[in-house]
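In terms of UniProt numbering, the sequence shown has 43 at position 43, counting the first letter as 1, and numbering is strictly consecutive.
Working notes for the structure below.
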Amino acid sequence: MLLHNHSQKSKKLNFTLTKAIAFEMNTGELLGIEPLELKFPFELKKQISCSLQLSNKTDNYVAFKVKTTNPKKYCVRPNTGIVLPRSTCDVTVTMQAQKEAPPDMQCKDKFLLQSAKANDGATTKDITPEMWGS
Numbered sequence: 001m002l003l004h005n006h007s008q009k010s011k012k013l014n015f016t017l018t019k020a021i022a023f024e025m026n027t028g029e030l031l032g033i034e035p036l037e038l039k040f041p042f043e044l045k046k047q048i049s050c051s052l053q054l055s056n057k058t059d060n061y062v063a064f065k066v067k068t069t070n071p072k073k074y075c076v077r078p079n080t081g082i083v084l085p086r087s088t089c090d091v092t093v094t095m096q097a098q099k100e101a102p103p104d105m106q107c108k109d110k111f112l113l114q115s116a117k118a119n120d121g122a123t124t125k126d127i128t129p130e131m132w133g134s
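What follows is the structure in structure tokens.
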């Protein structure tokens with residue numbers, strides 16, 4: 001389930017309406033994620049936001065990027081960035097207002113958090129597509 005490229009670590013984030021982001025953790029990850037599960041109390045025609053915190057426990061600058069299988073339904077801010085050494089970054093995931101409930105109240109949307117070591121002093125403008133291997 002984890003996607004690995006040469007210099008990056010990736011985590012798949014699974015959303016359900018109960019409402020999970022399941023974060024798969026293993027040793028050697030560049031970024032920690034807290035909480036391990038986000039809950040979106042589903043309401044029709046209402047935008048719902050949840051927050052998570054990325055923590056960099058390394059002495060390196062770490063770039064990150066969040067992707068989703070349903071970009072029209074979710075807004076992630078920031079969706080790319082740099083987490084400084086030994087620091088944290090707050091990320092907000094907002095589910096746009098929905099006109100109807102999904103069948104069986106199941107949500108098949110997925111998110112992918114990619115992280116890669118960045119150069120010291122890097123800023124968001126230094127993040128390139130090559131960092132993600134695509």
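Every residue, glycine too, gets a C-beta built ideally from N, C-alpha and C.
Keep in mind that this is a model prediction, so the values were computed, not measured.
Query	Result
Residues of its chain near S87, where Cβ-Cβ distance is below 8 Å and the 5 sequence neighbours each way are ignored	S55 and N56
Counterpart residues of A118 in DSSP-defined beta bridges	Y61
Rounded distance between the beta-carbons of A116 and A63, thought under 8 Å	5 Å
Which of helix, strand or coil DSSP assigns to E130	helix
Strand pairing of T80, partner residues [DSSP]	K65
Expected contact under 8 Å - CB spacing of T80 and S49 to nearest Å	Incorrect: roughly 18 Å between the Cβ atoms, too far for contact.
For S87, the residue or residues it bridges with in DSSP	Paired residues: none, contrary to the question.
Spatially closest choice to L31 from K73, Q47, I82 and P41, by CA coordinates	I82
Limits of the beta strand (DSSP E) - the one that E34 falls within	L31 to E34
T92, DSSP secondary structure in three states	strand
Contact the segment 37-45 vs the segment 62-76: 3+ CB pairs below 8 Å	no
L54 - partner residues in DSSP beta bridges	I33 and C89
Per DSSP, cross-strand counterpart(s) of C75	T94
Counted within 10 angstroms of its Cβ, other Cβ atoms place A101 as buried (16 or more) or exposed	exposed
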